[in-house]
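**Q** To start, I am sharing the structure in question, which I have written as structure tokens.
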Amino acid sequence: MQKKELLYEGKAKKLFLTDDDNLIISEFKDDLTAFNGEKKSSESGKGALNNKISTELFKLLEANGIPTHFVEMLDDNHMLHKKVDVILIEVIVRNIATGSLSRNLGIEDGRVLPFTLVEFDYKNDELGDPKLNDQHALILELVEHQDELDKLRRMARQVNDILKPYFAQKGLNLVDFKLEFGKDSTGNIILVDEISPDNCRFWDIESGEKMDKDRFRQGLGGLTVAYKEVLNRILGK
Ligand code: C5P
Numbered sequence: 000m001q002k003k004e005l006l007y008e009g010k011a012k013k014l015f016l017t018d019d020d021n022l023i024i025s026e027f028k029d030d031l032t033a034f035n036g037e038k039k040s041s042e043s044g045k046g047a048l049n050n051k052i053s054t055e056l057f058k059l060l061e062a063n064g065i066p067t068h069f070v071e072m073l074d075d076n077h078m079l080h081k082k083v084d085v086i087l088i089e090v091i092v093r094n095i096a097t098g099s100l101s102r103n104l105g106i107e108d109g110r111v112l113p114f115t116l117v118e119f120d121y122k123n124d125e126l127g128d129p130k131l132n133d134q135h136a137l138i139l140e141l142v143e144h145q146d147e148l149d150k151l152r153r154m155a156r157q158v159n160d161i162l163k164p165y166f167a168q169k170g171l172n173l174v175d176f177k178l179e180f181g182k183d184s185t186g187n188i189i190l191v192d193e194i195s196p197d198n199c200r201f202w203d204i205e206s207g208e209k210m211d212k213d214r215f216r217q218g219l220g221g222l223t224v225a226y227k228e229v230l231n232r233i234l235g236k
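Numbering (numbering that gives the first Met the number 0), first residue to last: 0 to 236.
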């Protein structure tokens, strides 16, 4: 499958049309952004690592009954996937408090939450991805019915129920992550985008070391070394 016209360029990926109207090719870029694009950099090899990690995780989720847009990894930086209508809601799942949850609500960084928290953010860079409640999402017509919001929450919890124990076995705490969903050509809600250390937080269970994009956000260095370690643990190396 060959890339045709550029459909969209995001912060971490370029999306290309293909000969098949139902299929898209994503090119995973080495670019890094944080704080809604205010901090920018690039790390050679980052895009390929995220493509490989996402590929493994989409396969794992599909095998466990979660429908995703994944079709196949084409090469180091390219993934073939289904074309969807993206739902403009970022679904955030949290097991441990950190990041904006600790900043906004004063919950101690590192506190294990008494239950898994699922939040919605409006996927809108101009507005800085503000928090949404269900009524906001319905007023904005981001989905058609409340049932769809319930489904997003249910699917996000199912993803967490699969990934949290999977990463624990590999010595990583799955602290929090962001998911995106879309509707496929038949109107089914499926998981889209990527699942990688760019949009998940992983803390090494033994050392507490951060193995995700917080290395860039917090200027800790060693980003690709950490992403490579996440991939190696997924591959059982
Ligand atoms: O910044 P915050 O603490 O809200 O992030 C929660 C989780 O969602 C983190 O894993 C972060 O990487 C992810 N996230 C993301 N894209 C955003 C906002 C958050 O991938 N726009």
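Where is the CB? At the ideal position from N, CA and C, for every residue including glycine.
1) Among the candidates D192, I194 and F166, whose CA atom is the shortest distance from the CA of I204?
2) For a minimum of 3 consecutive residues, which ranges assigned as the beta strand (DSSP E) are wholly contained in the stretch 90 to 141?
3) Do K182 and V83 have their CB atoms nearer than 8 Å?
4) Taking L56 and K227 to be in contact with their CB atoms under 8 Å, please state how far apart those CB atoms are, rounded to whole angstroms.
5) Under the rule that 16 or more other beta-carbon atoms within 10 Å means buried, what is L5, buried or exposed?
6) Distance check for I189 and N123, CA to CA, integer angstroms please.
7) State the Cα-Cα distance for the pair H77 and A62, rounded to the nearest angstrom.
8) Any residue with its Cβ nearer than 6 Å to a heavy atom of the ligand C5P should be included. What is that list in chain order?
9) Considering only the beta carbon of each residue, do I52 and V229 sit closer than 8 Å?
10) How many whole angstroms separate the CB atoms of H80 and V92, which I take to be in contact at a CB cut-off of 8 Å?
11) Under a Cβ-count criterion, where at least 16 other Cβ atoms within 10 Å of its own Cβ denotes burial, should K12 be classed as buried or exposed?
12) So, for N21: in the same chain, excluding its five sequence neighbours on each side, which residues have a beta-carbon less than 7 Å away from its beta-carbon?
13) Taking the alpha-carbon of L243 as reference, which of P164, Q134, L73 and G221 has the nearest alpha-carbon?
14) Please report the distance separating the alpha-carbon of K177 from that of E89.
15) Which class does F180 belong to by DSSP, given the choice of helix, strand or coil?
16) Can you tell me which of the three DSSP states L6 falls into?
17) Helix, strand or coil for I204? Go by DSSP, reduced to three states.
18) Kindly identify the DSSP beta-bridge partner or partners of L22.
19) Give the straight-line distance between the Cα atoms of T32 and S43, rounded to the nearest whole angstrom.
20) How close, in whole Å, do the beta carbons of D128 and D120 come, if the pair is a contact with beta carbons under 8 Å?
21) Using DSSP with H/G/I as helix, E/B as strand and the rest coil, what is M72?
**A** Per the coordinate set shown:
1) Walking along the sequence shown from the start, residue 204 turns up at place 205. The option with the nearest alpha carbon to I204 is F166.
2) 111 to 121
3) Counting from one through the sequence shown, the residue named residue 182 turns up at place 183. Counting from one through the sequence shown, the residue named residue 83 turns up at place 84. Yes, these two residues count as a Cβ contact at 8 Å.
4) Here residue 56 corresponds to residue number 57 of the sequence shown, with the count starting at 1. Here residue 227 corresponds to residue number 228 of the sequence shown, with the count starting at 1. In fact, because the Cβ distance is near 16 Å, the residues do not count as touching under 8 Å.
5) Translated into the one-based positions of the sequence shown, residue 5 becomes position 6. That one is exposed.
6) As a first step, residue 123 is located in the sequence shown; it is residue number 124 there, counting from the start. As a first step, residue 189 is located in the sequence shown; it is residue number 190 there, counting from the start. So the alpha carbons of these two residues sit roughly 20 Å apart.
7) Translated into positions along the sequence shown, residue 77 becomes position 78. Translated into positions along the sequence shown, residue 62 becomes position 63. One C-alpha to the other measures close to 21 Å.
8) E89, I91, G98, S99, L100, D128, D175, F176, K177, N198, C199, R200 and K212
9) Position 53 of the sequence shown holds residue 52. Position 230 of the sequence shown holds residue 229. The answer is yes: Cβ separation under 8 Å.
10) The residue labelled residue 80 in the question sits at position 81 within the sequence shown. The residue labelled residue 92 in the question sits at position 93 within the sequence shown. Contact flag wrong, Cβ pair sits at about 21 Å.
11) Within the sequence shown, numbered from 1, the residue matching residue 12 stands at position 13. Classification of K12: buried, given that the 10 Å Cβ count is 16 or more.
12) Looking up residue 21 in the sequence shown gives position 22. Here the set comprises K81, K82 and S184.
13) Outside the shown range of the chain, which is 0 to 236, sits residue 243, and nothing can be said about it.
14) For this step, residue 177 is matched to residue 178 along the sequence shown. For this step, residue 89 is matched to residue 90 along the sequence shown. Cα to Cα, K177 sits roughly 6 Å from E89.
15) One-based indexing of the sequence shown puts residue 180 at position 181. DSSP places F180 in strand when its eight states are reduced to three.
16) Counting from 1 along the sequence shown, the entry for residue 6 is found at position 7. Here L6 sits in strand by DSSP.
17) Walking along the sequence shown from the start, residue 204 turns up at place 205. Coil at I204, not helix or strand.
18) Reading the sequence shown from its first residue, position 23 is the one you call residue 22. Looking at the DSSP assignment, L22 forms a beta bridge with K81.
19) Position 33 of the sequence shown, counting from 1, holds the residue named residue 32. Position 44 of the sequence shown, counting from 1, holds the residue named residue 43. The alpha-carbon atoms of T32 and S43 are separated by roughly 14 Å.
20) Looking up residue 128 in the sequence shown gives position 129. Looking up residue 120 in the sequence shown gives position 121. That belief holds up - the Cβ atoms of D128 and D120 are roughly 5 Å apart, short of 8 Å.
21) Mapped onto the sequence shown, residue 72 falls at position 73. In the structure shown, M72 sits in a strand (DSSP, three-state: E or B).
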